[in-house]
Amino acid sequence: METTDFQSLFFQHYALVYRVLFRVVGNKEDAQDLALEAFWKLWQQSPAQLENPAGWLFRVATRLGYNALRAAKRRERYELETARQALESGQDPDRAVERADERRRVRGVLERMTERDAQLLVLRYSGLAYKEIAAALDISPNSVGTLLARAEEAFEKLYSDDSHSEGRSEGGPHASRR
Amino acid sequence: MHLDDEILRAYLDRSLEPAESGARQADIQDHLNACPDCRARLAALAARSARLQAHLAVLDPGPGEAAHSASSAFALLTTRHPSLSGKENLGMLSSLFTRRWRPLWIGLSALVLFTVAFSFPPVRAWAGSLLAQFRVHNITVVPVDATHLSELGTSSTIIQQISQAISDSMTVTKKPMKPQVAPNAAEAGKLAGFTVRLPQSRTDAPRITVEGGSAFEFVVNRARAQALLNEAGFSQPQLPASIDKAVIKVNIPVGITAAYGDCPNLDEGTTTMNASGSAGRRFLNCVLLAEIPSPTVDTPPNVDVEQLAEIGLQFTGMSPEEAHAYSATVDWASTLVVPIPRNGASYKQVGVDGVTGYLIQRPVDDAPQYVLVWVKSGIIYAIGGLGNGADNALAMANSLK
Chain R
63 METTDFQSLF FQHYALVYRV LFRVVGNKED AQDLALEAFW KLWQQSPAQL
113 ENPAGWLFRV ATRLGYNALR AAKRRERYEL ETARQALESG QDPDRAVERA
163 DERRRVRGVL ERMTERDAQL LVLRYSGLAY KEIAAALDIS PNSVGTLLAR
213 AEEAFEKLYS DDSHSEGRSE GGPHASRR
Chain C
4 MHLDDEILRA YLDRSLEPAE SGARQADIQD HLNACPDCRA RLAALAARSA
54 RLQAHLAVLD PGPGEAAHSA SSAFALLTTR HPSLSGKENL GMLSSLFTRR
104 WRPLWIGLSA LVLFTVAFSF PPVRAWAGSL LAQFRVHNIT VVPVDATHLS
154 ELGTSSTIIQ QISQAISDSM TVTKKPMKPQ VAPNAAEAGK LAGFTVRLPQ
204 SRTDAPRITV EGGSAFEFVV NRARAQALLN EAGFSQPQLP ASIDKAVIKV
254 NIPVGITAAY GDCPNLDEGT TTMNASGSAG RRFLNCVLLA EIPSPTVDTP
304 PNVDVEQLAE IGLQFTGMSP EEAHAYSATV DWASTLVVPI PRNGASYKQV
354 GVDGVTGYLI QRPVDDAPQY VLVWVKSGII YAIGGLGNGA DNALAMANSL
404 K
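Residue numbers (our numbering), protein chains in the order written: chain R, 63 to 240; chain C, 4 to 404.
In structure tokens, the structure reads:
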């Protein structure tokens, strides 16, 4: 891959890749490391394979993110790390705790969905276009609308089930169903 | 016939598959106009989407969690993998890091007018805010709430005051070159200093004008700027203190316009086409292709661009909260923001020339306009015309060589 093209791609997509990874792993250092790793893999690709470099990039990035997340121990560390950073950044402590709670809840819901549905939501609501989502998840662009509508419905159901059950244990079952 | 949720969902995202989207979009619109049930379901889907947006936004980086700038991330990547810094790029890389470029706001109108040969009325296009990019790699389109702006526009003293404030503190360090007509792409490229590409899909020869190439700098007076913003109703968030006395240097490179068909004479640097009446019809087959390398901006390193962007976005009609959320999604160091009137134009993302660009269409009754704009390898391209030639524009764009 040409250096100038790679650099262009890097500058074009870095911020978004970071954002997507941050949403998945919830931690600044790891999000950055994984983002750089994704770009490094992109650099190593031969041009012939890259019809849609952005799509490929996001596919790699989400895969890296979910692999990282699946290690249960690390997830707890991420949550703690996030809370610590929030407090250190001088945010109002109540607000920081609220936010950390909300994040835990949203991530909990995402983990109970199929990985593909969770990825679909993260990518779409990070601003990716349908074509890029399709390339990232290896589905047809025509089906993105369909799958998205269903994923959104699933999310809301899980989210409201969640808020109706009291005293649920932290960190629901890790769903690796596909 | 009722529309199922899946089609409505794609319609909501303006993402019906391109091959069918022309006809389908119109069919769906027609159906929605006639069917309250489907309208209600579309509204429900939109509401649900908004709720999900809010849920997922909680996962976003908060203060202290934001990414490092793309340039420092790239530097880090190069440190870890030295094979990345090709010899030819070392110069550009080191200049990026030592001077610590930062993006800032400048008059977008100058840039947009050059790269987009058709301008919407000045008040709308400029959006009354200052926006500039350090090096453009991305484009994003922001719908501008025209009614909001026309309120601002009628209070023309504010626009005047802003212009005055800017020009008072501005020094032109390099005047634009006298426009020169070049006989072919190669000659134009020599004059302009970058490889000029022309569409192979056209057999006629364009009139190529090489022009531009200006540089200017200005010093910001924070108190005066804040007073103007307050008067215009944009007092939150406040301009950062670090911007006071900031010296901002802008360089707009030389670019080219290639005019195909019968076009108005652009040599005098006029870039508005009067699209109504007989003049409009005379230029119906005019297609303008503009190419310009990314402008660059040099500012003191401590200026917080995201904050400035938030203020500027409010000129488009966003509330402070929306502007805050939107600002976080854009890498201001590398994104060109194109404002378009929300109710006067439609836009969609399209694949063009191997990247993602935007097709903006303005369906004015007797003279519809379109502009196709994209960035490739640090060069901003735009193709614009009257009528319904958008498909031809795409063909031209995809045949550039």
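Think of the CB as a built atom: it goes at the ideal place given N, C-alpha and C, for glycine as much as any other residue.
Identification of residues in the region 52-70 of chain C having a C-beta nearer than 9 Å to some C-beta of chain R yields Ser52, Arg54, Leu55, Gln56, His58, Leu59, Ala60, Val61, Leu62, Asp63, Pro64, Gly65, Pro66, Gly67, Glu68, Ala69 and Ala70, given in sequence order. The contact set of Leu80(C) on chain R, defined by CB atoms closer than 8 Å, consists of Phe72, Leu98, Phe101 and Trp102 in chain order. For Val171(R), the uninterrupted alpha helix (DSSP H) run begins and ends at Pro155 to Arg174, by DSSP. At a Cβ-Cβ threshold of 8 Å, Met399(C) and Pro202(C) count as neighbours. By the rule that beta-carbons nearer than 8 Å mark a contact, Arg125(R) does not touch chain C. For Pro323(C), the enclosing alpha helix (DSSP H) stretches over residues Pro323 to Ala331. Listed along chain R are Gly207, each with a C-beta nearer than 8 Å to that of Ile10(C). Shown here, Arg227(C) sits in a helix according to DSSP, grouped into three states. Identification of chain R residues near Gly381(C) by a Cβ-Cβ cut-off of 7 Å yields Ser70, ordered along the chain. Identification of chain C residues near Asp154(R) by a Cβ-Cβ cut-off of 7 Å yields none; the smallest Cβ-Cβ distance measures about 11 Å.
Annotation: Asp16(C) to Leu71(R) spans about 25 Å, alpha carbon to alpha carbon.
Here Gly117(R) is buried, its C-beta having at least 16 other C-beta atoms within 10 Å. For the C-beta of Phe77(C), the chain R residues within less than 8 Å are, from N- to C-terminus, Gln69, Phe72, Phe73 and Tyr76.
From the listed residues Val257(C), Gly65(C) and Ala396(C), the smallest Cα separation to Val353(C) is found for Ala396(C).
When rounded, the separation of the alpha-carbon atoms in Lys252(C) and Arg51(C) is 45 Å. Annotation for Leu182(R): Ile195, Leu199, Val206, Leu209, Leu210 and Ala213 place their beta carbon closer than 8 Å to its own, counting only its chain and skipping 5 residues before and after. Contact between Ser172(C) and Val213(C) does not hold, since the beta-carbon distance rounds to 30 Å and is not under 8 Å. Within the region 165-188 of chain R, those residues whose Cβ lies closer than 9 Å to any Cβ of chain C are, in chain order, Arg165, Arg167, Val168, Arg169, Val171, Leu172, Leu183, Val184, Arg186, Tyr187 and Ser188. Only exposed fits Asn36(C), as fewer than 16 other CB atoms lie within 10 angstroms of its CB. Taking C-beta atoms under 8 Å as the contact rule, Ile383(C) and Ser297(C) qualify, at a distance of about 6 Å. In the structure shown, the three-state DSSP call for Pro203(R) is helix. The residue among His327(C), Ser349(C) and Asn401(C) with its C-alpha nearest the C-alpha of Val355(C) is Asn401(C). Contact between the region 89-97 of chain R and the region 124-131 of chain R is present: three or more C-beta pairs spanning the two stretches fall below 8 Å. Pairing Tyr373(C) with Ala393(C) gives a Cβ-Cβ distance under 8 Å. Rounded to the nearest whole angstrom, the C-alpha separation of Leu55(C) and Leu48(C) is 10 Å. Residue pairing of Tyr192(R) in beta bridges, as defined by DSSP: absent, with no partner found. One thing to note: Val184(C) has its Cβ no nearer than 8 Å to the Cβ of Gly192(C).
The secondary-structure analysis by DSSP pairs Trp377(C) across a beta bridge with Tyr384(C).
Where Val184(R) is concerned, there is no enclosing beta strand (DSSP E), although the alpha helix (DSSP H) around it starts and stops at Glu177 to Arg186.
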